[in-house]
Amino acid sequence: MYECSLCKRSIGTPTELATLVCADCARTIGVIPMPPSRRPPTPCARCNARRFVRVIPREHSTSPADPTRQVSAPMFATVMPRMHVGVLGQAPLPLEIDLGGVGLLEMYICAKCGFVEWYCVDVERIPIHPGMMTQLIDYDAASEAPYR
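Take the sequence shown: its position 69, counting from 1, is numbered 1270 in this note's numbering, and each next residue is one higher.
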C-alpha cells in the first residue's frame, strides 16, 4: 500500500501513484503527473555537464471566489479566456490559473552551474493571436528582401 508523501493518506489511483501525492494534496498545491521530457539528451550549453533537475514551475494566486484561499497550478505559456454570455453581449471572465492553460512550461536546471533552459510541452496547441499575447516568429519563412 502506498501513501501520500505529504499527508500520509492511502493512495491508489494511477495519477496518485505517478505523483506520490493524494488527489486532495495535488489539487491544493498544483501537482500533476510529469509529461514526457522535451529536452534532448545534450550537455549543458554553458558548462557541458550532463545532470539536470527537471521542474514544472507552478503559479500561486488567490481564488477569485475566495480571496483567503490559495490556488496553485502548473505554469502555462498562455490561458484560453472563458467568456460570460449575457443579454448585452459577452465579456471575458477573470482568468483562473487552476483551470489550466496551453503550453505547459518546464525548466531544466544544470546541476553543476545552475543554467536554466525552458521548454514547452505542447507548443503545437498554443493559439497564435494578439489577444492571447502570442505571435509566430518564423525565421525560415521566405522574405521579400534578400538576407545580407
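Just so it is clear, CB atoms sit at the ideal spot from N, CA and C, and this is done for glycine as well.
Simplified DSSP state of residue i, which is helix, strand or coil
i: CYS1226; result: helix
i: ILE1146; result: No answer is possible for residue 1146: the residues shown for the chain start at 1202 and end at 1349.
i: THR1220; result: helix
i: MET1281; result: coil
i: PRO1268; result: coil
i: MET1334; result: coil
i: VAL1256; result: strand
i: PRO1242; result: coil
i: PRO1328; result: coil
i: PRO1237; result: coil
Proximity below 8 Å, CB of residue i to CB of residue j
i: GLY1304; j: ILE1329; result: no
i: PRO1258; j: MET1276; result: yes
i: ALA1312; j: ARG1255; result: no
i: ALA1266; j: ILE1298; result: no
i: THR1279; j: THR1214; result: no
i: THR1216; j: PRO1236; result: no
i: ALA1292; j: MET1281; result: no
Per-residue burial, residue i [other beta carbons within 10 Å of its own, 16 or more giving buried]
i: THR1220; result: buried
i: VAL1232; result: buried
i: VAL1317; result: exposed
i: VAL1222; result: buried
i: ALA1342; result: exposed
Cβ distance (whole Å) where residue i is taken to contact residue j below 8 Å
i: GLU1307; j: VAL1322; result: 6 Å
i: TYR1320; j: ARG1240; result: 6 Å
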